[in-house]
Amino acid sequence: ETGVTQSPTHLIKTRGQQVTLRCSSQSGHNTVSWYQQALGQGPQFIFQYYREEENGRGNFPPRFSGLQFPNYSSELNVNALELDDSALYLCASSRPGDSNTEAFFGQGTRLTVV
Amino acid sequence: QQQVKQSPQSLIVQKGGISIINCAYENTAFDYFPWYQQFPGKGPALLIAIRPDVSEKKEGRFTISFNKSAKQFSLHIMDSQPGDSATYFCAARKAAGNKLTFGGGTRVLVKP
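Set out below in structure tokens:
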């Protein structure tokens with residue numbers, strides 16, 4: 009088990025609603041990345057936060073937004089939910105610049121949009 | 491644009507056999523190539539990783555072979571066990587801390 013925890017584990021929302029997903033990074037890790045994993049596919053990079061600033065973004069619309077807090081935990085917010093947003097949302101923490109540069113993933117939040 | 495292509499999509503192997511998964515990448519700026527194992531309902535877990543300055547890395551029953559000129563790398567699972575049944579993802583990254591670009595995944599089933 010990694011030290012990355014995500015909440016909630018499962019969530020059902022209605023199209024058009026807004027959702028907030030949360031991630032606590034592994035101790036000592038100052039970078040958090042979010043990924044979307046549709047069923048049967050590989051994870052797709054949404055964005056990354058480093059020192060509370062967005063530090064890179066994938067091909068996702070602005071209704072996907074995020075925050076990172078001083079304790080390095082992070083939130084992913086999705087507005088105006090669409091059916092295609094149904095996926096497993098993964099958070100990964102890492103510590104760039106360290107010789108040990110692996111990213112450790114949480115167990116994910118399964119979001120279902122109906 | 492799919493920058494990392496993975497094959498096969500699924501694989502069935504007998505217990506004790508060898509599982510081989512292949513990946514090809516396009517971006518020569520990638521400098522770190524990890525493999526992740528994912529069980530249903532869980533997040534991906536790092537299995538083994540390689541940098542392009544070596545051609546092979548072995549950890550237990552898992553070996554990565556890397557061909558820089560061909561821009562290809564592969565995962566070999568020796569003596570496959572039923573507990574290895576999972577989905578495996580190759581990935582690539584350009585610099586420390588940068589985003590991971592994943593392949594599409596390979597579902598491996600090891601039959602007893």
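Chains as they are written, first to last, in our numbering: chain W, 9 to 122; chain L, 491 to 602.
Glycine is no exception: its CB is placed at the ideal position from the N, C-alpha and C atoms.
Predicted model, so just to flag it, every value in this text is computed and none were measured.
Nearest-angstrom Cβ-Cβ length linking residue i and residue j, presumed shorter than 8 Å
i       : j       : result
S101(W) : T39(W)  : 7 Å
L590(L) : W525(L) : At roughly 11 Å, the Cβ-Cβ gap does not stay under 8 Å, so L590(L) and W525(L) are not in contact.
Q115(W) : Q14(W)  : 6 Å
K561(L) : Y515(L) : 5 Å
Best match in the options for proximity to residue i [C-alpha to C-alpha]
i       : options                               : result
N85(W)  : Q115(W), L91(W), S94(W) and L75(W)    : L75(W)
Y57(W)  : S575(L), V598(L) and N588(L)          : N588(L)
T120(W) : Q45(W), Q34(W), S33(W) and G36(W)     : Q45(W)
K505(L) : T577(L), G593(L), A582(L) and M568(L) : M568(L)
R551(L) : S559(L), D543(L), P530(L) and D574(L) : D574(L)
V598(L) : K584(L), F579(L), D521(L) and F563(L) : F579(L)
Closer than 8 Å to chain L by CB, residue i
i       : result
P51(W)  : yes
F113(W) : yes
Q34(W)  : no
S73(W)  : no
Q56(W)  : yes
E124(W) : Chain W is shown only over 9 to 122; residue 124(W) falls outside these bounds and no answer can be derived.
is_contact[residue i, chain W] using C-beta, thresh 8 Å
i       : result
F451(L) : Chain L is shown only over 491 to 602; residue 451(L) falls outside these bounds and no answer can be derived.
T534(L) : The identity of residue 534(L) in the sequence shown is Pro, whereas the question assumes Thr. Answer yes: the Cβ-Cβ gap between P534(L) and chain W drops below 8 Å somewhere.
G595(L) : yes
N588(L) : yes
Near the ligand ZN: residue i beta-carbon under 7 Å from a heavy atom
i      : result
F72(W) : The ligand ZN is not part of this structure, which contains no ligands at all.
Worksheet item: Using 8 Å as the Cβ pair cut-off and three pairs as the minimum, do the stretch 491-503 of chain L and the stretch 26-38 of chain W touch?
Response: In short, these stretches do not touch, since the Cβ pair count stays below three.
Residues of the stretch 562-583 of chain L whose Cβ lies closer than 7 Å to any Cβ of chain W, in chain order
For the stretch 562-583 of chain L, which is checked against every Cβ of chain W, the residues closer than 7 Å are F579.
Is the stretch 541-550 of chain L in contact with the stretch 498-507 of chain L, if contact means three or more CB pairs nearer than 8 Å? no
Fill in: Residues in the stretch 18-47 of chain W having any Cβ partner in chain L nearer than 7 Å
T39 and S41
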